[in-house]
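If you count by the working numbering, then the sequence shown holds residues 143 to 425, one letter each, in order.
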Amino acid sequence: FRVFPVPTYRLKDTQDRVAQQSNTKMSSSAKIILCLIPWQASAFLVGTSIGNFPISTSTRLSFSFLQEWAGALVGQAPNSLLPSNSPLISPLLSETSLDPSDPERVSLSRSYKASVDGWSASQFHSAVDGKGSGLVVALSRTGSKFGGFNPLGWMSTDDYGSTSSAFLWYEKNGKVVKGRIYDGGNAAIFDYATGGPNFGPADLCIGPPQQAVMGGFTGPGSEDVINNTGDLHQCQSNVGGAYEVPKGWPVRGQNIELVEVEVYTNGKVVSTTNAGIGRWLPF
């Protein structure tokens, strides 16, 4: 059993979010204590009242945002970053090739989870190559949830692709904030065989290759993959090169540490891959 105090710079934000989710007001004297055990985080509100319900003893309130944030502090991620009932799904995927509002065409499915399938870029590509469009969801150690939408999918081509449908996104107070690709969609997706999801030249790189990749349509040899494969714990972001900068973008710099990465694709896609060349057919 481990007890962590809420960092001062997060306290007001946490109080506001608890109040929003419980549809009540909290007194400024409220104290929040986070109690963490593996896979669970709970908030205890002490010395205040919620609505007409006075708190004379410690009352536990459990919220998904607290579980994700507090769990990330100790390097633990929830079972799913995007559960099937998540309110983020519709604003994220509406009018995209993964729009789940058409169940005859789309069945949103998790194809990759780093903590289960492995953190190396080669394990990432084994799980997602040839499966069509993908939504990337990442959780940083600081508790930020963010990612990107890749309408082209991955095929380990060691080349880049252009599309006007890609975007970056992050969650703020339970809502989706997007950063659109600039007009023309040039260099929207870099499909490194030895790297993880890569949006723009440097806008968002998860698991970047260990060494520079020269490019080419045939992909690297097996020796190159072994020596150069990236680690998806590592993330870099210098947004603004190919994508608009979303206001409040939560991750910047070269040393962002991730505690989970997931990729969601269309479960109705039939994929075939061969030496880095993939074909996907939605039915």
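C-beta: ideal position from N, C-alpha, C; glycine also.
- If only complete runs of 3 or more residues are kept, the segment 278-332 shows the beta strand (DSSP E) at 287-292, 301-303, 309-314 and 317-322, in order along the chain.
- For Q265, no beta strand (DSSP E) segment is defined; the enclosing uninterrupted segment is the alpha helix (DSSP H) at A263 to V270.
- Counting C-beta atoms within 10 angstroms of its own C-beta, N227 has fewer than 16 neighbours from the protein chains shown and is therefore classed as exposed.
- Taking the Cα positions, W261 is about 6 Å away from D373.
- The residues V279, L281, K287, E402 and E404, in chain order, have a CB closer than 7 Å to that of L223 in the same chain once the five nearest residues on each side in sequence are set aside.
- In the DSSP assignment, the residues bridged to N408 are L250.
- The shortest C-alpha to C-alpha distance from P220 to any of A330, S304 and K255 is the one to K255.
- Boundaries of the beta strand (DSSP E) harbouring S379: Q376 to S379, taken from the DSSP string.
- Between the alpha carbons of D325 and L234 lies a distance of about 20 Å.
- In the three-state scheme derived from DSSP, where H, G and I count as helix and E and B as strand, N397 is classed as strand.
- Taking the Cα positions, V381 is about 15 Å away from F291.
- Ranked by how close their Cα comes to the Cα of S236, the residues A308, G327 and V387 have A308 in first place.
- The DSSP-derived three-state label of V387 is coil.
- Partner residues in the beta bridge of D373, as assigned by DSSP, are S262.
- Cβ atoms of F266 and G342 stay farther apart than 8 Å, at about 18 Å.
- Judged by DSSP in its simplified three-state form, S232 adopts helix.
- Here V258 is exposed: its Cβ has fewer than 16 other Cβ atoms, across all protein chains shown, within 10 Å.
- When N328, W296 and V318 are compared, the shortest CA-CA separation from T305 is found for N328.
- Per DSSP, reduced to three states, the secondary structure at S413 is strand.
- A direct Cα-to-Cα measurement between D345 and P351 gives close to 15 Å.
- Around the beta-carbon of K389, fewer than 16 other beta-carbon atoms lie within 10 Å, marking it exposed.
- Around the CB of S275, 16 or more other CB atoms lie within 10 Å, so the residue is classed as buried.
- Excluding five sequence positions before and after L294, the CB atoms of its chain that fall closer than 7 Å to its own CB belong to G303, T305 and I331, given in chain order.
- In this structure, the alpha-carbon of Y312 lies about 13 Å from that of S379.
- Counting every other CB atom within 10 Å of its CB across the protein chains shown gives N315 a total below 16, marking it as exposed.
- Around P245, the same chain offers no residue with a beta carbon nearer than 8 Å, after the five sequence neighbours per side are excluded.
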